[in-house]
Amino acid sequence: MNTHIKILAITLLAALPLSNSQAGWMQSEGDFAVSSGLGYKDNANYFDMAGKSMKNTCGSGFNVPLYAEYGYSYYNTLYATSSLDSFSCGVTKMQGINDIEVGTRGHMDYFIDHNWELAAIFPQHISPTGAANLPKQFGIKAGIHSSLRLEPYQTFLTESEIQKNNVAYGGGIKYWTGDVPGELWGYVGYSRILKDSDWAKDIGGWSFNARLDAKNSLGKTHPTAGFAGVGTDQHDAFRLVQGQIGFTRTLSVSESMNFSIDRGLWGKNIGFGSGFFATYSKVFRKN
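What follows is the structure, given as structure tokens:
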């Protein structure tokens, strides 16, 4: 694995827990990756049914993302992700562990950056399906992840320049038991190495990351629907498009720090805000 690919790999890992979906990458056999950090989120807005941004009674909160992935074999990896959250919404205050997602990824072909994903979602104290007037529900998530691969003859860029860039994209569906509606999700992201690492001189590199995430509920729209936040009726349909930009600093060939901000850009019937996140990632390599 060359230096550019290693930097892109750790860059993608650093961004994983922040957007609640994964990029088109799998850990090598025997490698174990972990990632965590701290985020601050302002939830003072919501999009109404017409897509207009409105103020609400929700305040700020903190988020600690948790992610782990093990390269079980060349063909499959196992992963688990969740978060610790503390936030308020009007008179409602909640803190605890969010839903726990446990799943596996496998190759769609012989390349390491085209894969499928299947996961089980176990509801916890704080849950997207655990609003005040709804029971928590077990969920299943399925999706695909990929990266755009270019060859030198397909572009005016040199091979070295191509290796510095990565475009990742993916999507899928979440299905919940009971009468909670399913959800479609998808993303597209771009990362570029701004400065190569030089470990002979103990100098780390920098990368730029940008990403768009979208989700769309399969629920029905009610005439009196509120925004999909704590204590609201999440049988209602909602949509959200969220943007994220950030920078990743490689600390070693297996460690990195990611700093990013995100913001809800457009939606219907859902709460949103702005957030800042700092995440540390490390890969324990077999060889």
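Heads up: the sequence shown begins at -7 in our numbering, then just goes up one per residue.
Idealized CB from N, CA, C, for every residue including glycine.
Burial state of Lys283 (16 or more Cβ within 10 Å): Outside the displayed span of the chain (-7 to 279) sits residue 283, for which this structure offers no information.
DSSP three-state assignment for Asp254, whether helix, strand or coil: strand
Cα-Cα separation, Val94 to Ser75: 13 Å
Top-ranked residue by Cα proximity to Gly29, from Arg277, Val275, Phe268: Phe268
CB-CB length for Asp205 against Gln234, believed under 8 Å: 5 Å
Delimiting residues of the beta strand (DSSP E) encompassing Asp205: 198 to 209
Status (buried if at least 16 other CB within 10 Å, exposed otherwise) for Gly265: buried
Supposed contact pair Leu70 and Tyr64 - C-beta distance, whole angstroms, cut 8 Å: 5 Å
Exposure label - Lys133; buried when at least 16 CB within 10 Å: buried
Opening and closing residue of the beta strand (DSSP E) in which Arg97 lies: 92 to 99
Same chain, Cβ closer than 7 Å to Gln129, neighbours up to 5 away in sequence not counted: Pro115, Thr121, Trp168, Thr169, Gly170, Val172
Same chain only: Cβ atoms within 7 Å of Thr73, ignoring 5 sequence neighbours per side: Pro9, Leu58, Tyr59, Glu93
Test item: CB-CB of Lys278 and Gly22 under 8 Å: yes
Range of the contiguous beta strand (DSSP E) that encloses Phe169: In the sequence as displayed, the identity of residue 169 is Thr instead of Phe. Per DSSP, Thr169 belongs to no beta strand (DSSP E) and is neither H nor E.
Cα-Cα separation, Thr271 to Gly238: 11 Å
Proximal residues to Ile195 (C-beta, below 8 Å), its chain only, five neighbours per side dropped: Ser189
Expected contact under 8 Å - CB spacing of Thr240 and Ser199 to nearest Å: 4 Å
Contacts around Gly53, its chain only, beta-carbon distance under 6 Å, and the 5 residues preceding and following it disregarded: Lys33, Ser78, Phe79
Beta-ladder partner(s) of Glu21, from DSSP: Per DSSP, none; premise fails for Glu21.
Local Cβ density within 10 Å of Gln87, reported as buried at 16 or more and exposed below that: exposed
Terminal residues of the beta strand (DSSP E) in which Met46 lies: 45 to 47
For Ser273, the first and last residue of its enclosing beta strand (DSSP E): 262 to 276
Through-space distance from Ile262 to Lys85, alpha-carbon basis: 18 Å
Endpoints, the beta strand (DSSP E) within which Val233 is located: 231 to 244
Residue environment, Met18, which counts as buried when at least 16 other CB atoms sit within 10 Å: buried
Nonlocal neighbours in the same chain, by C-beta distance under 6 Å from Leu176, ignoring five residues either side: Ile165, Asn208
CB contact flag (Gly162, Gly174, <8 Å): no
Distance between Ser244 and Lys260 (C-alpha atoms, nearest Å): 42 Å
Gly43, buried or exposed, once every other Cβ within 10 Å from all chains shown has been counted against 16: exposed
Inter-residue Cα distance where the pair is Gly131 and Ala112: 6 Å
Helix, strand or coil at Gln155 [DSSP, three-state]: helix
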